[in-house]
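S.K.:
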Ligand code: UGA
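In the numbering used here, the protein residues as written are 44 to 488.
Right, dumping it as structure tokens:
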């Protein structure tokens with residue numbers, strides 16, 4: 044099928060590339076000329092494993108192209124996807140400016156009947172407004188129907204998720220339009236759920252809010268485990284084996300970040316307020332998460348009394364591994380608090396340093412190599428569980444630090460990993476066995 048995608052951000056680009064991979068002819072449209080120039084040269088503006096390779100393959104096969112021009116991009120297309128950003132506005136609500144601009148442009152430029160497919164995460168009722176806007180701006184005697192098709196991709200594994208997702212949700216109040224989107228997606232071989240427009244819009248928010256709740260819940264149990272000598276990993280395994288609970292998204296740590304959970308939970312609270320509904324539970328989830336981000340700073344203060352003048356290396360700055368995305372990353376809150384406490388902060392990330400420089404306090408110093416960060420530090424904080432960081436931190440701390448102390452916000456190591464190392468190790472939700480003899484005993488159990 045001939046498809047146009049508006050927006051070459053994270054969602055739009057991955058969607059466009061994957062739709063071309065299953066055989067559709069895709070044109071990606073973006074108003075940013077520099078981005079389009081880069082994409083035409085085969086350079087992806089975001090770091091996502093496997094994306095550039097797939098982009099190149101489909102461009103060469105003639106199934107994928109890029110343009111800034113709506114007239115060219117929308118010509119003859121049977122489906123037009125809206126995949127533009129819905130950033131958080133000052134009051135927490137989703138800012139729909141880009142979605143509505145896209146809807147107007149679609150109306151002004153289509154020359155045949157189309158299905159408008161919304162991928163962007165939008166508040167309940169937005170798609171009906173999108174249809175009104177498209178129809179109000181039509182130049183020709185054509186028609187548009189809307190379908191909500193939310194995305195469930197995770198940054199860092201978006202390509203993998205596109206081909207192995209759990210479900211594809213297609214929400215429409217117009218059967219024919221829904222059928223077309225079902226046909227587009229059929230080659231993915233993923234179960235398709237057909238719903239009403241409003242339900243599909245709600246499913247996206249409910250899924251992200253539920254996952255955020257699961258993370259905040261396990262983090263609270265982790266905090267309690269620390270105070271009761273329980274071990275959060277054993278607890279998570281024990282509850283996760285109950286299939287009603289499920290074993291995924293039960294990793295305790297320093298909270299969730301990124302462009303989705305923080306933004307979508309805030310937006311859902313706002314949607315609730317607009318309907319005079321007090322979403323108590325979700326508000327608590329958000330506040331637990333805010334507090335959790337700086338748990339390592341509190342642990343370090345407890346350990347040292349003061350952090351004034353301490354040289355602290357932050358290993359991993361991105362909100363999670365395999366991405367250069369710094370949005371709502373825990374490292375931002377951690378660096379701010381440490382600087383306020385008077386610590387000297389050294390930052391290291393394998394990929395996200397350039398983006399980190401834009402959002403972390405200017406006092407942070409950056410290094411290009413993990414060993415440099417560890418050599419310069421008196422204390423190490425692990426904030427993102429990049430493979431390189433997990434593999435090298437213990438070895439280098441042991442080699443280069445006089446009295447190695449590692450605060451691990453992502454629980455990267457077990458007692459076995461630490462059994463023979465004289466490293467003081469403080470992690471999340473686990474009995475803090477710092478003494479090497481005790482650790483050997485614990486590892487042997
Ligand atoms: C999330 C959802 O997982 C996707 O399904 C959804 O499509 C996407 O938002 C979106 O709305 O666009 P993403 O934000 O890319 O995806 O990343 P996740 O892998 O879900 O991680 C989010 C945060 O939760 C990270 O900071 C991660 O470290 C944290 N997390 C995740 C935990 O602290 N514990 C866990 O067990 C899992």
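Glycine is no exception: its CB is placed at the ideal position from the N, C-alpha and C atoms.
Can you find the residues in the same chain that come closer than 7 Å, C-beta to C-beta, to residue 69, ignoring five residues on each side of it along the sequence?
M.R.: Mapped onto the chain shown, residue 69 falls at position 26. For residue 69, where only same-chain residues beyond five positions count, the Cβ hits under 7 Å are 46, 48, 59, 62, 63, 106 and 107.
S.K.: Does the pairing of the segment 151 to 162 with the segment 116 to 124 give three or more beta-carbon distances under 8 Å?
M.R.: The answer is yes - the segment 116 to 124 touches the segment 151 to 162, with three or more Cβ pairs under 8 Å.
S.K.: Using CA atoms only, rank isn't needed, just tell me which of 114, 388 and 346 is closest to residue 359.
M.R.: Locating residue 359 in the chain shown gives position 316, counting from the first residue. It is 388 whose Cα lies nearest to the Cα of residue 359.
S.K.: With distances taken between CB atoms, is the gap from residue 381 to residue 340 smaller than 8 Å?
M.R.: Start at 1 with the first residue of the chain shown, and residue 381 comes out as number 338. Start at 1 with the first residue of the chain shown, and residue 340 comes out as number 297. The answer is yes: Cβ separation under 8 Å.
S.K.: Please report the straight-line C-alpha distance between residue 214 and residue 205, rounded to a whole angstrom.
M.R.: Walking along the chain shown from the start, residue 214 turns up at place 171. Walking along the chain shown from the start, residue 205 turns up at place 162. Roughly 18 Å separates the two Cα atoms.
S.K.: Please report the distance separating the alpha-carbon of residue 258 from that of residue 272.
M.R.: The count along the chain shown starts at 1 and reaches residue 258 at position 215. The count along the chain shown starts at 1 and reaches residue 272 at position 229. Cα to Cα, the separation comes out at about 20 Å.
S.K.: Do residue 197 and residue 176 have their CB atoms nearer than 8 Å?
M.R.: Here residue 197 refers to the residue found at position 154 of the chain shown. Here residue 176 refers to the residue found at position 133 of the chain shown. Not closer than 8 Å, so no.
S.K.: Does DSSP put residue 229 in a helix, a strand or coil?
M.R.: Residue numbering aside, residue 229 sits at position 186 when the chain shown is read from its first letter. In the structure shown, residue 229 sits in a helix (DSSP, three-state: H, G or I).
S.K.: Is it the case that the CB of residue 94 approaches a heavy atom of ligand 1 more closely than 7 Å?
M.R.: As a first step, residue 94 is located in the chain shown; it is residue number 51 there, counting from the start. Answer for residue 94: no, Cβ out of range of ligand 1.
S.K.: Roughly how many angstroms separate the alpha carbons of residue 324 and residue 260, rounded to a whole number?
M.R.: Counting from one through the chain shown, the residue named residue 324 turns up at place 281. Counting from one through the chain shown, the residue named residue 260 turns up at place 217. The straight-line gap from Cα to Cα measures roughly 11 Å.
S.K.: In chain order, what residues of the same chain lie with their CB nearer than 6 Å to the CB of residue 433, ignoring the 5 residues before and after it?
M.R.: In the chain shown, counting from the first residue as 1, residue 433 sits at position 390. Excluding residues within five positions, the ones whose Cβ falls inside 6 Å are 455.
S.K.: If residue 170 and residue 240 are in contact, beta carbons under 8 Å, what's the gap, nearest whole angstrom?
M.R.: As a position in the chain shown, residue 170 is number 127, starting the count at 1. As a position in the chain shown, residue 240 is number 197, starting the count at 1. Contact flag correct, Cβ pair sits at about 5 Å.
S.K.: Helix, strand or coil for residue 224? Go by DSSP, reduced to three states.
M.R.: Indexing the chain shown from 1 puts residue 224 at position 181. Three-state result, residue 224: helix.
S.K.: Between the beta-carbon of residue 422 and the beta-carbon of residue 436, is there less than 8 Å?
M.R.: Residue numbering aside, residue 422 sits at position 379 when the chain shown is read from its first letter. Residue numbering aside, residue 436 sits at position 393 when the chain shown is read from its first letter. Contact: no.
S.K.: Measuring straight from C-alpha to C-alpha, what distance separates residue 102 and residue 84?
M.R.: The residue you call residue 102 lines up with position 59 of the chain shown. The residue you call residue 84 lines up with position 41 of the chain shown. For residue 102 and residue 84, the distance between alpha carbons rounds to 10 Å.
S.K.: From residue 142 to residue 446, what does the alpha carbon distance come to, in whole angstroms?
M.R.: If you number the chain shown from 1, residue 142 lands on position 99. If you number the chain shown from 1, residue 446 lands on position 403. Whole-angstrom Cα-Cα distance: 54 Å.
S.K.: Whole beta strand (DSSP E) runs in the segment 118 to 163 with 3 or more residues, listed along the chain?
M.R.: The qualifying runs are 122 to 125 and 157 to 161.
S.K.: Less than 8 Å between the C-beta atoms of residue 350 and residue 385, yes or no?
M.R.: One-based indexing of the chain shown puts residue 350 at position 307. One-based indexing of the chain shown puts residue 385 at position 342. Yes, Cβ-Cβ distance for residue 350 and residue 385 is below 8 Å.
S.K.: Between residue 426 and ligand 1, is the CB less than 7 Å from at least one heavy atom?
M.R.: Translated into positions along the chain shown, residue 426 becomes position 383. Residue 426: no, Cβ never under 7 Å from ligand 1.
S.K.: Relative to the alpha-carbon of residue 91, which residue among 364, 439 and 431 has its alpha-carbon at the smallest distance?
M.R.: The residue given as residue 91 occupies position 48 in the chain shown. When each option's Cα is compared against that of residue 91, the closest is 364.
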